[in-house]
Amino acid sequence: MRTILFEDIRRKVKDACIAANYILDDDLLASFRQSLEIEESALGRETLRQLIENARIAKEERIPLCQDTGSAVFFVELGDQVAIAGGLITDAINEGVKDGYRDGYLRKSICHPFSRKNTGDNTPAIIHLEIVPGEELKLHFSAKGGGSENMSRVVMLNPSDGAPGIEDFVVGRVWESQANPCPPIIVGVGIGGNLERAAILAKKSLVCPRPGDNPDPLLAEMEGRILEKINCLGIGPAGLGGRVTALAVRILMEPCHIASLPVAVNINCHASRHREIII
Amino acid sequence: MASEIKLQTPVTAEDLKPLKAGDKVLISGVIFSARDTAHKRLTELLRQGKSLPLEISGQAFFYMGPSPPPPARPIGAAGPTTSRRMDAYAPLLLAEGIKIMIGKGPRSAEVIAAIKQHGAVYLAATGGAGALLSRAIKKAELVAFEDLGAEAIRALTVEDFPAIVINDAQGRDLYAENVKRFGKDCREQNMMNQQNVIKT
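Line order of the protein sequences matches chains S and D. FYI, in my numbering the residues of the first sequence are 848 to 1126. FYI, in my numbering the residues of the second sequence are 4 to 203.
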């Protein structure tokens, strides 16, 4: 068994909360620059230039990229040979979130559903825990904004709807979302499982982005078709009209019940704030 | 690119008449931050016939809840939230004198009609550019509903705060016009060559 300290997890979670909110990923910044060359709309190009400038200001002046610093979402892979010393892993994560959102001057956005009273520290974090073989602890963190989350949906399609039904649903969801989720967006799609599993897969595709192309050639093709259709919609950066509505589509798929075809769409804004912690 | 117009708050319907969908405006003066719960409370006060904690006639509402101010800054990141959640409240507030709304995303047909009726405007600031937009905010003072924290109403003193006219007093809608203009039949599409722009 390998021992990992509660306080070590807490500190690394805190740092990840702050870094993800202050510093835009290099690959996203590169995609904004690439999009500038593709975008036909003058307002769209101006929006992309503002986003590049926004990332520079946030990083240099150490303030959040966006005032909505998100719900704290974690996908945790806990090695079966790991023991946590000093407390529960979920407590370590929540304490780290409290520290990060307080010391990083991040907005506390979590409240009671009816009274809307704020919990005051951005907890509880949303934690998906998986036990995996090995001696490592891996935490994928995302600061997930509310505007893009609100545009997300799950549907239980009929098996006869097939791939065309899936593509229509995903593209239709983006069309209905228009400017709301802060385009250019990243579209996470979960196919299969059941109701909640499809939603978790869609979320996981955003929080744990895979390196490179989809390893399943059928899904890689479907991602390409969906992306092409989305970028024909004309929504563009900030929804002000243009070519670059989505930067990427990512699909995760699992087997499902013979009666069902569950599909979830989870939309991420252009900041797509995430960090990976490996202990 | 459309012209750039300077606006000083508070405004009158006459001031807003020249504004056209697509114009870029730079706002100076005071704008008020207000979002979901603040709108709900203001609306309840109006329906009960009570007075509001601020004079809203001729004023601008910015749909925004900032991140906390770091040391030596007046405010944290300060970008717009989704406007459509305020659609249920906007017609009444427009009738009470609000002249400018700043947010992101399309408005309902009812709000667009009320904008036209009252000679108001709806502007968009860039969603997700909270760090950039915070630079135009020079001062933030609590005005009402302190218990709401980030959702409290604050008077924000701004200089050249950048926004784009989406819905003008003539009833035009920039979102609808531009999305139609740039929307294409997919079979003609060859710009994005079916590649994810970001690889990781």
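Where a beta carbon is used, it is the ideal one built from N, C-alpha and C, also for glycine.
DSSP beta-bridge partners of residue i
{"i": "S:ARG1097", "result": "S:GLY1035"}
{"i": "S:CYS958", "result": "S:ASN965"}
{"i": "S:CYS1103", "result": "S:GLY1040"}
{"i": "S:GLY926", "result": "S:VAL979"}
{"i": "D:ALA81", "result": "Its beta-bridge partners do not exist; DSSP assigns none."}
{"i": "D:PHE164", "result": "D:ILE30"}
{"i": "D:ILE8", "result": "D:VAL28"}
Simplified DSSP assignment, three categories, for residue i
{"i": "D:ARG184", "result": "helix"}
{"i": "D:GLN173", "result": "coil"}
{"i": "S:TYR952", "result": "coil"}
{"i": "S:MET1003", "result": "strand"}
{"i": "S:SER918", "result": "strand"}
{"i": "D:TYR125", "result": "strand"}
{"i": "D:ILE140", "result": "strand"}
{"i": "S:ALA1111", "result": "strand"}
{"i": "D:ALA75", "result": "coil"}
Beta carbon of residue i nearer than 8 angstroms to that of residue j
{"i": "S:ALA867", "j": "S:HIS1121", "result": "yes"}
{"i": "S:MET998", "j": "S:SER1024", "result": "yes"}
{"i": "S:ILE1098", "j": "S:PRO1030", "result": "no"}
{"i": "S:GLU982", "j": "S:GLY933", "result": "no"}
{"i": "D:LEU49", "j": "D:VAL124", "result": "no"}
{"i": "S:VAL860", "j": "S:LEU986", "result": "yes"}
{"i": "S:ASN965", "j": "S:VAL944", "result": "no"}
{"i": "S:VAL1091", "j": "S:GLU886", "result": "yes"}
{"i": "S:CYS977", "j": "S:VAL923", "result": "A small fix is needed here, since residue 977 of chain S is Glu in this sequence, not Cys. Yes, the pair counts as a contact, with Cβ atoms nearer than the cut-off."}
{"i": "D:THR85", "j": "S:ASN1027", "result": "yes"}
{"i": "S:ILE1013", "j": "S:VAL1110", "result": "yes"}
{"i": "D:ALA127", "j": "D:GLY106", "result": "yes"}
{"i": "S:LEU1108", "j": "S:ASN941", "result": "no"}
First through last residue of the beta strand (DSSP E) which encompasses residue i
{"i": "S:MET1069", "result": "Run containing S:MET1069: none in the beta strand (DSSP E); it sits in the alpha helix (DSSP H), 1064-1077."}
{"i": "D:ILE34", "result": "27-36"}
{"i": "S:ILE910", "result": "It is not in any beta strand (DSSP E) - S:ILE910 carries neither H nor E in the DSSP assignment."}
{"i": "S:GLU886", "result": "From DSSP, S:GLU886 is part of no beta strand (DSSP E); its letter is neither H nor E."}
{"i": "D:ALA63", "result": "63-65"}
Of the listed residues the options, nearest to residue i (C-alpha basis)
{"i": "S:ARG949", "options": "S:LYS1076, S:LEU1087, S:GLY967", "result": "S:GLY967"}
{"i": "S:VAL1054", "options": "S:PRO1064, S:MET1069, S:GLY1035", "result": "S:GLY1035"}
{"i": "S:ILE931", "options": "S:GLU887, S:ILE856, S:LEU1042", "result": "S:ILE856"}
{"i": "D:ALA75", "options": "S:ARG892, S:GLN914, S:TYR952, S:SER918", "result": "S:TYR952"}
{"i": "S:PRO960", "options": "D:LYS9, D:THR12, D:THR40", "result": "D:THR40"}
{"i": "S:ARG892", "options": "S:GLY1089, S:ALA1093, S:ILE1125, S:ILE1124", "result": "S:GLY1089"}
{"i": "S:PRO980", "options": "S:ARG954, S:PHE1016, S:ASP927", "result": "S:ASP927"}
{"i": "S:PRO1084", "options": "D:ILE140, D:PHE164, D:GLY108, D:VAL114", "result": "D:GLY108"}
{"i": "S:GLY1019", "options": "S:ALA1118, S:ILE1077, S:MET1069", "result": "S:ILE1077"}
{"i": "D:GLU58", "options": "D:GLU154, D:GLU99, D:GLY122, D:LEU22", "result": "D:GLU99"}
First and last residue of the uninterrupted alpha helix (DSSP H) at residue i
{"i": "S:HIS1117", "result": "S:HIS1117 -> no alpha helix (DSSP H), and no H or E assigned at all."}
{"i": "D:LEU95", "result": "93-98"}
{"i": "D:GLY106", "result": "Looking at the DSSP string, D:GLY106 is not in any alpha helix (DSSP H); the run it does join, the beta strand (DSSP E), is 103-106."}
{"i": "D:THR40", "result": "39-50"}
{"i": "S:LYS985", "result": "Note, S:LYS985: premise wrong, no alpha helix (DSSP H); beta strand (DSSP E) at 984-991."}
{"i": "S:PHE853", "result": "853-869"}
{"i": "S:ASP1015", "result": "1009-1024"}
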